[in-house]
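In this note's numbering, the protein residues as written are 109 to 269. Backbone N, C-alpha and C fix where the C-beta goes; we use that ideal spot for every residue, glycine too.
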């Protein structure tokens, strides 16, 4: 079709994002994505909408609510001027970046703890093959003192509950 802009089908959107059809249709109903209809009634998306969908998915994975995403995507259109939109978008992004940094710190510490838990568990795995008795765990000399063990290990393996 010469002269017409290339559009993406729902199937293209799914392949390019990993989303389900239900998710794409939901985002469209919520006004986060825009689609036109073909003569046959099928959804047709611009290539920019795939980029938008992947941005939405990334924000959702980072913990943003749909309302927060909708507000972010609507800043420029809702502002009285581009200057106001710039200020508002900058403020929103500055705030969200601070939240993201705090979340990254928590995730980094958690990853370290869980990696340490797996290492300690590997030591225990060798012992459980030789002796399934839990009593020997309390007197284990192969692991550091309980206070030095990762929290995840203490709470999942060394706990009495």
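{"query": "Tell me the DSSP bridge mates of residue 144?", "result": "152"}
{"query": "Tell me whether the beta-carbon of residue 266 lies closer than 8 Å to the beta-carbon of residue 254.", "result": "yes"}
{"query": "Excluding the 5 residues preceding and the 5 following residue 162 in the sequence, name in chain order all residues of the same chain whose CB lies nearer than 8 Å to its CB.", "result": "124 and 125"}
{"query": "How far does the alpha helix (DSSP H) with residue 129 in it extend, from its first residue to its last?", "result": "129-137"}
{"query": "Using CA atoms only, rank isn't needed, just tell me which of 200, 114 and 220 is closest to residue 152.", "result": "114"}
{"query": "Where do the N-terminal and C-terminal ends of the alpha helix (DSSP H) with residue 259 fall, by residue?", "result": "259-264"}
{"query": "I'd like to know whether the C-beta atoms of residue 221 and residue 259 end up nearer to each other than 8 Å.", "result": "yes"}
{"query": "Taking the alpha helix (DSSP H) that residue 186 falls in, what are its first and last residues?", "result": "174-186"}
{"query": "Which residues mark the beginning and the end of the alpha helix (DSSP H) in which residue 124 is found?", "result": "118-125"}
{"query": "Apart from the five residues on each side of it in sequence, which residues of its chain come closer than 8 Å, Cβ to Cβ, to residue 142?", "result": "136, 153, 154 and 157"}
{"query": "So, using beta-carbon positions, are residue 215 and residue 200 closer together than 8 Å?", "result": "no"}
{"query": "Hey, residue 230 and residue 261: beta-carbon distance below 8 Å or not?", "result": "no"}
{"query": "Just the Cα atoms here: how many angstroms apart are residue 272 and residue 172?", "result": "Past the edges of the chain, shown from 109 to 269, lies residue 272, and the structure says nothing about it."}
{"query": "Tell me which residues share the same chain as residue 164 and place their Cβ nearer than 7 Å to its Cβ, disregarding the 5 neighbours each side in the sequence.", "result": "135, 140 and 177"}
{"query": "Against chain C, with Cβ distances strictly below 8 Å, would residue 156 count as a contact?", "result": "Going by chain labels, chain C is absent from the structure shown, which holds only one protein chain."}
{"query": "Rounded to whole angstroms, what is the Cα-Cα separation between residue 206 and residue 170?", "result": "13 Å"}
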